[in-house]
Amino acid sequence: MKISTKGRYSLLVMIDLTENQSDDFIPLRDIAKRQDISEKYLESIIKLLVRHKLLVGLRGKGGGYKLTKRPNDITVGEVLRIAEENIMVDDEDTESMYRTSEYRTIDMWSRLSKIINEYFDSVSIADLIVEDPGNDFVI
20 MKISTKGRYS
30 LLVMIDLTEN
40 QSDDFIPLRD
50 IAKRQDISEK
60 YLESIIKLLV
70 RHKLLVGLRG
80 KGGGYKLTKR
90 PNDITVGEVL
100 RIAEENIMVD
110 DEDTESMYRT
120 SEYRTIDMWS
130 RLSKIINEYF
140 DSVSIADLIV
150 EDPGNDFVI
C-alpha cells in the first residue's frame, strides 16, 4: 500500500481548512500558498472533495472553500478513500497468487487492509490538528 501525493495533499487541504476556518470562505490561492502546492493541482483535488461533499465552494468575490462537516466528523479514511479510491494492501498480480503457493498469504493481506482501514477511520481531521503549545519555557 502506498498513499499517493493526491491522498497526502487531500489531507493537507482538510487540515488547512480546519486550522483556518472562519465564517468566510477560504480562497484556493491561500491554501496553495500555505501548503506550497500548485494551484492547478490543488484545484483538481478540491474538485474531488467538493464532488464528494466534504467541501463546499463559492465563486466570485469572497469565494473559496469551506468544510461541510465538523472536523471531528470527517475521518482520514473517508478522505483517503475519496482520493485513493482504494486503501487496501494490494499485490500487483493477485491472480498469480491464486495459482501459486502465495495464495496462503491472501488472508493475511486482507486482515492487514482491514486493520489499516479501521485505524484510518478512527482518526478524525480534528485529531490531526496540533494546538500551538506556546512557549513552555518558564523562567
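In case it helps, the working numbering puts the sequence shown at residues 20 to 158.
Note that the Cβ used here is the ideal one computed from N, Cα and C, for glycine as well.
Predicted model only: the values in this text are computed from it and were never measured.
Here the region 120-140 makes no contact with the region 80-88; the two share fewer than three CB pairs at distances below 8 Å. Counting the other Cβ atoms within 10 Å of the Cβ of residue 64 gives 16 or more, which makes it buried. A residue is called buried when at least 16 other Cβ atoms come within 10 angstroms of its Cβ; residue 81 does not meet this threshold and is exposed. By DSSP's assignment, residue 94 forms a beta bridge with 143.
Between the alpha carbons of residue 132 and residue 106 lies a distance of about 7 Å. Less than 7 Å separates the beta-carbon of residue 98 from that of residue 29. For the pair residue 66 and residue 104, the Cα-to-Cα distance works out to about 15 Å. For the pair residue 76 and residue 125, the Cα-to-Cα distance works out to about 42 Å.
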